[in-house]
């Protein structure tokens with residue numbers, strides 16, 4: 041069966057520090073991968089999505105970047121965090137094909153102080 | 064761009080009462096998905112609707128897709144405390160093809 045791993049679960053980082061969140065998927069090949077951010081009490085904002093290795097599409101201009109070095113690995117990064125980067129970050133995958141049902145990781149709650 | 068609105072934002076019910084959340088899109092959708100997120104948890108896929116006028120049931124949950132494929136609803140009959148959480152719809156546009164999430168409806172159930 042397919043599983044998705046996302047870590048860490050919680051993270052407290054000072055303003056100006058770098059960020060690296062990692063997500064891996066097991067049990068499937070060539071998945072579509074997504075990074076979402078969820079502000080408190082709000083819906084999910086799509087940040088990045090990827091349909092293959094090295095293929096990244098950015099949805100909103102921001103202080104973040106994403107990379108997909110391997111088929112089932114998706115990384116969210118920042119060189120210098122801002123206070124506004126705080127939130128709940130969720131990685132998700134779906135089967136190849138456009139915008140089928142998404143399976144979410146456990147999420148990372150990031151607080152920038 | 065495509066906008067997906069959900070109402071109400073919050074709903075408080077007594078256990079045993081019914082609950083309905085509505086999802087409205089500014090554009091015609093190719094499909095709509097519903098997710099449930101428990102407090103402190105991550106969204107979990109519930110169902111996908113594709114056809115105009117489609118109705119699907121999962122035990123006490125009934126999902127509908129409007130005839131014009133621009134709106135959808137989720138109805139829970141006789142709520143239970145296990146139904147607590149935030150329910151999100153995600154509508155996929157016909158052109159760009161990307162899914163847009165609504166802001167969700169948060170349901171609390173008083174025992």
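Chains as they are written, first to last, in my numbering: chain A, 41 to 153; chain B, 64 to 174. Ideal Cβ positions, reconstructed from N, Cα and C, are used throughout, including at glycine.
Contacts around residue i, its chain only, beta-carbon distance under 7 Å, and the 5 residues preceding and following it disregarded
| i | result |
| --- | --- |
| residue 77 (chain B) | 173 |
| residue 129 (chain B) | 135 |
| residue 89 (chain B) | 65 and 66 |
| residue 140 (chain B) | 81 and 123 |
| residue 119 (chain B) | 110, 112 and 126 |
| residue 86 (chain A) | 74, 76 and 99 |
Cβ-Cβ distance between residue i and residue j below 8 Å
| i | j | result |
| --- | --- | --- |
| residue 95 (chain B) | residue 131 (chain B) | no |
| residue 112 (chain B) | residue 147 (chain B) | no |
| residue 61 (chain A) | residue 151 (chain A) | no |
| residue 168 (chain B) | residue 67 (chain B) | no |
| residue 74 (chain B) | residue 82 (chain B) | yes |
| residue 94 (chain A) | residue 108 (chain A) | yes |
| residue 145 (chain A) | residue 105 (chain B) | yes |
| residue 45 (chain A) | residue 64 (chain A) | yes |
First through last residue of the beta strand (DSSP E) which encompasses residue i
| i | result |
| --- | --- |
| residue 119 (chain B) | 118-121 |
| residue 155 (chain A) | Examination of residue 155 (chain A) is not possible in this model, given that chain A is present from 41 through 153 alone. |
| residue 91 (chain B) | That residue, residue 91 (chain B), is in no beta strand (DSSP E); it is neither H nor E in DSSP. |
| residue 173 (chain B) | 168-173 |
| residue 70 (chain A) | Unbroken run through residue 70 (chain A): none, as it is neither H nor E. |
| residue 98 (chain A) | 95-98 |
| residue 45 (chain A) | 43-47 |
| residue 105 (chain B) | First-last for residue 105 (chain B): undefined, no H or E at that position. |
| residue 156 (chain B) | 148-156 |
| residue 106 (chain A) | 105-110 |
| residue 143 (chain B) | Premise fails: residue 143 (chain B) is in no beta strand (DSSP E) and is neither H nor E. |
Sequence-distant residues of the same chain with beta carbon closer than 6 Å to residue i, five excluded per side
| i | result |
| --- | --- |
| residue 89 (chain A) | 74 and 97 |
| residue 166 (chain B) | 69 |
| residue 66 (chain A) | 43 |
| residue 212 (chain B) | Outside the modelled stretch of chain B, which goes from 64 to 174, sits residue 212 (chain B), for which no answer is possible. |
| residue 156 (chain A) | There is no way to answer for residue 156 (chain A), as the model of chain A reaches only from 41 to 153. |
| residue 157 (chain B) | 91 and 93 |
| residue 117 (chain B) | 128 |
Residue i at chain B interface by Cβ criterion, 8 Å
| i | result |
| --- | --- |
| residue 82 (chain A) | yes |
| residue 73 (chain A) | no |
| residue 130 (chain A) | yes |
Close beta carbons around residue i, own chain, < 8 Å, minus the five adjacent residues each side
| i | result |
| --- | --- |
| residue 58 (chain A) | 117, 118, 119, 120 and 121 |
| residue 84 (chain A) | 76, 77, 78 and 130 |
Cutoff 8 Å: residue i Cβ touching any chain A Cβ
| i | result |
| --- | --- |
| residue 126 (chain B) | no |
Proximal chain B residues relative to residue i, where beta-carbon distance stays under 7 Å
| i | result |
| --- | --- |
| residue 141 (chain A) | 96, 108 and 111 |
| residue 146 (chain A) | 105 |
Cβ-heavy atom distance, residue i to the ligand FMN, below 7 Å
| i | result |
| --- | --- |
| residue 132 (chain A) | The ligand FMN is not part of the structure shown, which contains no ligands of any sort. |
Cross-chain neighbours of residue i in chain A, by beta carbon under 7 Å
| i | result |
| --- | --- |
| residue 165 (chain B) | 83 |
Per-residue contacts from residue i into chain A (C-beta, under 8 Å)
| i | result |
| --- | --- |
| residue 82 (chain B) | Simply none; closest approach about 18 Å. |
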